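Chemist:
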């Protein structure tokens, strides 16, 4: 299976008030057709910025560089604004965390639908919208189309958003924490929806989340991010059975404890390092229980531990 | 709100002492005449009763006799003659200010940080800092005395000649409009910049909408709301400027009337005009609220 | 507060203008060969020249000197008015914000009413009440600005009232007035300062306008407004009096506005630098 999305050496540096923040460091991943890649990390790990970069929607004051940033045949780094605009929504799309914030509060849902479909040169938008909304389990189409965004619930809005995104049958869908703002029941509904769509539409997903269990439920492969770097990547089952990077281990332990409703939640002591520095060693070193002297000084590259697995850690590096 | 306001004005003016009767009839008047005047105008009644008389009459459009101005016209008549002129200039100025600020603010926001933005922002700050009546004189200096394009004073009522009114009213309208435009333009720029950063703008881009489309439907549309609100908030300052500018250009508007009334210590006139001003400000804010409700479905619903 | 000042170039320019102006006023007063009321009937209405840098008015008085004295008067009037209005407004606003309830509703209705008045109209009424003169103008300015400060103080106070450190202070048993003074006030001080500098500018305009119409400061006391009123009478023959005086007004207000804007932009939390 060829890769629909190829990324290697992606770097994003933000210019924030005379400070340069290196929010995405040397990210390499690829996405194959009809697979779900779970991108896990805590807030501030750079996962949202990575997602935005893939759409070339990085903030104005920033520098984006990459060895490769390719969507199918198109090189996203050199593509013109109009070319990018043509791609967005139709080949690669994004579902945002806050469904309410994704809509124009002053316009009805029907307006949004019409705009999206008109973009794809689809006439007879009402019927098409009907079908789309039905796919996301919305039956009361007319009411929804006539409503304003603030009149609908978060779960409903998220489903509408997903429907609109699906309208153009994109190859790649980046979902940035689509269920974080929703309550558990709705969350489960949406996840079930995602699983169904994965099969019916054949699109590839990058599912960004901080929730291990959600990622586990949905993804074929998982990439773990910390402080802007990918520290481990591999098939979901393998990562959960045999986590290798100390950070991944800690995350899984916490998730398991939550699941088992354990008394005390294991903590990861310390905090995220400043993204303004360029650490020469491992970004996680200060919080790692297995820290060695070399961890602070060596620039650690990814080690291929298995055919499908890579880990960025000296513990697994070849001697 | 209006009731309390007018009561406040009434108390304020009457608390100042200054005998209206004396002022009207002059020092030489005989005690009998003064008494008669007092009786006729209920001046001996307790203050609340006086207020009641006045308010009652006012609601019927009768603001009482102007005691000393212009041949005993009733205050209501004075107001009726002068108010439209003021409103004409006011709306003229408002249109100019809004038009300029919409353009300037949008350009400045769209080209943030670049030369157009810097120029526009500097221009705005400078124009805000000018006292409008001074600007009026400078304009007269340049455009009337210097170039002779516009008349220095004198006012043509729009009922007599619309083009004449627009021509004669240009300088005073500009004088009032310039500081307004500065404030509005900056406000628009700020709200536009904030809207740019909103999540739905990024979302719209992610859906592949074009830049102009996003700007117009998403950014501009939503930024208008705080913009319109701020117009309402500025009303109290701008209406004040009208008062002085009318003096500069000799416009027979309600501003001139209230000033003349104040000079002549004609409480009735001042009172009546003050109330009218208050009504205007409240009305303007009301209209702005209405516009906001129209623009923002969240508030209407 | 000092740090915010230093981080904003705009505020620095603004204060540079103000410092320059104040210095100019002081220097002119010390070194000018003329007194503001020195009438020289030989040299009436002279255009700006080397002898009279800003020209002379219809009495032969040196315009530049008069501007220096007049600016001082105008600034003092505006300043005192703002301080008074600011104090009263802040107190009212803070109390309203802190206690809420009936006191809040009633007082704010009043404040809103005051705010709805066009500024000059309010000032006019007050002048009628108190009589003309510098102190009345000052009081008028105070009255005009009470609602501004009250609203600001109130909204800031309500915002901080539920802040954690306030709750902590209450839990520690501190009395309300103490909390107000030591916790609330220092935190709302900054925006109030911004309002103050902007108000100072408008106060000068208000004074100028009132005196211009003749309802403010009365001659022979020189104030910028009085000079402009004077200048308007013979504007066609000697436009420099009015124009240059007005220019001075604009200059001062520009300085104040820049100062206020600079401070306000520097304090905007959205623009604050991210730590680490």
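Protein chains in written order, with our numbering: chain A, 3 to 321; chain B, 61 to 361; chain C, 1063 to 1338. All residues carry an ideal CB built from backbone N, CA and C; glycine is no exception. As the structure is a computational prediction, the values presented were derived from the model and not from experiment.
Need the endpoints of the alpha helix (DSSP H) that residue 265 of chain B sits in, please.
Modeler: Stepping through the second chain from its first residue, residue 265 of chain B is reached at position 205. 259-266 is the extent of the alpha helix (DSSP H) around residue 265 of chain B.
Chemist: With distances taken between CB atoms, is the gap from residue 97 of chain A to residue 167 of chain A smaller than 7 angstroms?
Modeler: For this step, residue 97 of chain A is matched to residue 95 along the first chain. For this step, residue 167 of chain A is matched to residue 165 along the first chain. In contact: residue 97 of chain A and residue 167 of chain A (Cβ atoms closer than 7 angstroms).
Chemist: Would you say residue 281 of chain B faces chain A, with C-beta separation under 7 angstroms as the test?
Modeler: Against the second chain, residue 281 of chain B aligns to sequence position 221. Yes, its Cβ sits closer than 7 angstroms to a Cβ of chain A.
Chemist: With distance defined between alpha-carbon atoms, name the residue in A:205, A:203 and A:246 nearest to residue 224 of chain A.
Modeler: Here residue 224 of chain A refers to the residue found at position 222 when the first chain is read from its first residue. Per the Cα distances, A:246.
Chemist: With a CB to CB cut of under 7 angstroms and the five nearest residues on each side skipped, what residues in its chain are close to residue 279 of chain B?
Modeler: For the purposes of this step, residue 279 of chain B is identified with residue 219 of the second chain, where counting begins at 1. Within the same chain, residue 279 of chain B has close Cβ partners 252, 255, 256 and 261.
Chemist: Name, in chain order, the residues that DSSP records as bridge partners for residue 1210 of chain C.
Modeler: Stepping through the third chain from its first residue, residue 1210 of chain C is reached at position 148. DSSP, once it has assigned bridges, lists no residue as partnering residue 1210 of chain C.
Chemist: Checking contacts by CB at 7 angstroms: is residue 1319 of chain C closer than that to chain B?
Modeler: Residue numbering aside, residue 1319 of chain C sits at position 257 when the third chain is read from its first letter. Yes - at least one Cβ of chain B is within 7 angstroms of the one on residue 1319 of chain C.
Chemist: With a threshold of 7 angstroms between beta-carbons, can residue 1277 of chain C be considered close to chain B, or not?
Modeler: Sequence index remark: in the third chain, residue 1277 of chain C carries index 215 (1-based). Chain B, which has a Cβ nearer than 7 angstroms to the Cβ of residue 1277 of chain C, makes this yes.
Chemist: Measure the alpha-carbon distance for residue 1094 of chain C versus residue 1101 of chain C and round it to whole angstroms.
Modeler: Taking the first residue of the third chain as position 1, residue 1094 of chain C is located at position 32. Taking the first residue of the third chain as position 1, residue 1101 of chain C is located at position 39. Distance between the alpha carbons of residue 1094 of chain C and residue 1101 of chain C: 14 angstroms.
Chemist: In the DSSP assignment, what residue or residues form a beta bridge with residue 228 of chain A?
Modeler: By 1-based counting over the first chain, the position of residue 228 of chain A is 226. Answer is A:231.
Chemist: For residue 1158 of chain C, decide whether its Cβ has a neighbour in chain B, counting only Cβ atoms nearer than 7 angstroms.
Modeler: As a first step, residue 1158 of chain C is located in the third chain; it is residue number 96 there, counting from the start. No - not a single Cβ of chain B is within 7 angstroms of the one on residue 1158 of chain C.
Chemist: Using DSSP's beta-bridge definition, name the partner residues of residue 1123 of chain C.
Modeler: Looking up residue 1123 of chain C in the third chain gives position 61. Its beta-bridge partners do not exist; DSSP assigns none.
Chemist: Residues in the segment 251-264 of chain B with C-beta within 8 angstroms of chain A's C-beta atoms, listed in sequence order?
Modeler: Going along the segment 251-264 of chain B in chain order, one finds 258, 259, 260, 262, 263 and 264 with a Cβ nearer than 8 angstroms to chain A.
Chemist: Any residues in the segment 94-105 of chain A with a beta carbon nearer than 7 angstroms to a beta carbon of chain B? Which ones, in chain order?
Modeler: Residues passing the 7 angstroms Cβ filter: 95, 96, 98, 100, 103, 104 and 105.
Chemist: Ends of the beta strand (DSSP E) at residue 96 of chain A?
Modeler: In the first chain, residue 96 of chain A corresponds to position 94, counting from 1. Residue 96 of chain A -> beta strand (DSSP E) spans 94-97.
Chemist: Taking residue 286 of chain B as the query, report the chain A residues whose CB atoms sit under 8 angstroms from its CB, ordered along the chain.
Modeler: As a position in the second chain, residue 286 of chain B is number 226, starting the count at 1. Going along chain A, no residue has its Cβ under 8 angstroms from residue 286 of chain B, so there is no contact; the nearest lies around 13 angstroms.
Chemist: So if I threshold CB-CB distances at 7 angstroms, which residues from the segment 1135-1150 of chain C count as touching chain B?
Modeler: Residues: none.
Chemist: Alpha carbons only, please: which of A:26, A:171 and A:42 is nearest the one belonging to residue 124 of chain A?
Modeler: Counting from 1 along the first chain, the entry for residue 124 of chain A is found at position 122. When each option's Cα is compared against that of residue 124 of chain A, the closest is A:171.
Chemist: Measure the beta-carbon distance from residue 7 of chain A to residue 32 of chain A and round it to whole angstroms, keeping in mind my assumption that it falls under 8 angstroms.
Modeler: Stepping through the first chain from its first residue, residue 7 of chain A is reached at position 5. Stepping through the first chain from its first residue, residue 32 of chain A is reached at position 30. Yes, they are in contact, since the Cβ atoms of residue 7 of chain A and residue 32 of chain A sit about 6 angstroms apart, within 8 angstroms.
Chemist: I'd like the span of the alpha helix (DSSP H) that includes residue 1171 of chain C, first residue to last.
Modeler: Indexing the third chain from 1 puts residue 1171 of chain C at position 109. Looking at the DSSP string, the run of the alpha helix (DSSP H) that includes residue 1171 of chain C is 1163-1178.
Chemist: So, is residue 301 of chain A buried or exposed, given that buried needs 16 or more other C-beta atoms within 10 angstroms?
Modeler: As a working note, residue 301 of chain A is residue 299 in the first chain. So residue 301 of chain A ends up on the exposed side.
Chemist: Look up residue 202 of chain A in the DSSP assignment and say whether it is helix, strand or coil.
Modeler: Taking the first chain and counting its residues from 1, the one referred to as residue 202 of chain A is at position 200. Helix.
Chemist: Suppose you measure from the CA of residue 346 of chain B to the CA of residue 1261 of chain C; what does that come to, to the nearest Å?
Modeler: Walking along the second chain from the start, residue 346 of chain B turns up at place 286. Walking along the third chain from the start, residue 1261 of chain C turns up at place 199. About 26 angstroms.
Chemist: Does the beta-carbon of residue 197 of chain B have 16 or more other beta-carbons within 10 angstroms, so that it is buried, or is it exposed?
Modeler: Residue 197 of chain B sits at position 137 when you count from the first residue of the second chain. The residue in question, residue 197 of chain B, is buried, as its Cβ has 16 or more Cβ neighbours within 10 Å.
Chemist: Any beta carbon from chain B within less than 7 angstroms of residue 1152 of chain C's own beta carbon?
Modeler: Counting from one through the third chain, the residue named residue 1152 of chain C turns up at place 90. No, no contact with chain B.
Chemist: For a test of the three-state rule: what should DSSP assign to residue 13 of chain A, helix, strand or coil?
Modeler: To locate residue 13 of chain A, count along the first chain from 1; it is residue 11. The answer is strand: DSSP assigns residue 13 of chain A an E or B state.
Chemist: Could you tell me which chain B residues have their CB closer than 8 angstroms to the CB of residue 48 of chain A, listed as they occur along the chain?
Modeler: As a first step, residue 48 of chain A is located in the first chain; it is residue number 46 there, counting from the start. The contacting residues do not exist; residue 48 of chain A stays about 17 angstroms from chain B at best.
Chemist: Tell whether a beta-carbon distance below 7 angstroms holds between residue 301 of chain B and residue 177 of chain B.
Modeler: On the second chain, residue 301 of chain B is found 241 positions in, with the first residue counted as 1. On the second chain, residue 177 of chain B is found 117 positions in, with the first residue counted as 1. Result no, Cβ atoms of residue 301 of chain B and residue 177 of chain B do not sit closer than 7 angstroms.
Chemist: Within 7 angstroms (strictly less), CB to CB, does residue 53 of chain A reach chain B?
Modeler: The residue given as residue 53 of chain A occupies position 51 in the first chain. It does not: the Cβ of residue 53 of chain A has no partner Cβ on chain B nearer than 7 angstroms.
Chemist: Kindly indicate which three-state DSSP category residue 237 of chain A falls into: helix, strand or coil?
Modeler: Position 235 of the first chain, counted from the first residue, corresponds to residue 237 of chain A. Of the three classes helix, strand and coil, the one that applies to residue 237 of chain A here is strand, per DSSP.
Chemist: Whole angstroms is fine: what's the gap from residue 357 of chain B's alpha carbon to residue 151 of chain A's?
Modeler: Along the second chain, read from residue 1 onward, the residue named residue 357 of chain B stands at position 297. Along the first chain, read from residue 1 onward, the residue named residue 151 of chain A stands at position 149. If you take the alpha carbons of residue 357 of chain B and residue 151 of chain A, they lie about 10 angstroms apart.
Chemist: Do residue 271 of chain B and residue 108 of chain A have their CB atoms nearer than 7 angstroms?
Modeler: Residue numbering aside, residue 271 of chain B sits at position 211 when the second chain is read from its first letter. Residue numbering aside, residue 108 of chain A sits at position 106 when the first chain is read from its first letter. Taking 7 angstroms as the Cβ cut-off, residue 271 of chain B and residue 108 of chain A do not qualify as a contacting pair.
Chemist: Does DSSP put residue 210 of chain A in a helix, in a strand, or in coil?
Modeler: Along the first chain, one-based indexing puts residue 210 of chain A at 208. Note: residue 210 of chain A maps to strand in three-state DSSP.
Chemist: Does the CB of residue 1312 of chain C have a neighbour CB from chain B at under 7 angstroms?
Modeler: Residue 1312 of chain C sits at position 250 when you count from the first residue of the third chain. Yes, residue 1312 of chain C lies at the interface with chain B (some Cβ there is under 7 angstroms from its Cβ).
Chemist: Determine, for residue 232 of chain B, whether the minimum Cβ-Cβ distance to residues of chain C falls below 7 angstroms.
Modeler: Within the second chain, the letter at position 172 stands for residue 232 of chain B. Judged by the 7 angstroms Cβ criterion, residue 232 of chain B is not in contact with chain C.
Chemist: Less than 8 angstroms between C-beta atoms, sequence neighbours within five positions excluded: which residues of the same chain meet that for residue 127 of chain A?
Modeler: Translated into the one-based positions of the first chain, residue 127 of chain A becomes position 125. Once the five neighbours on either side are set aside, the close Cβ partners of residue 127 of chain A are 115, 116, 119 and 120.
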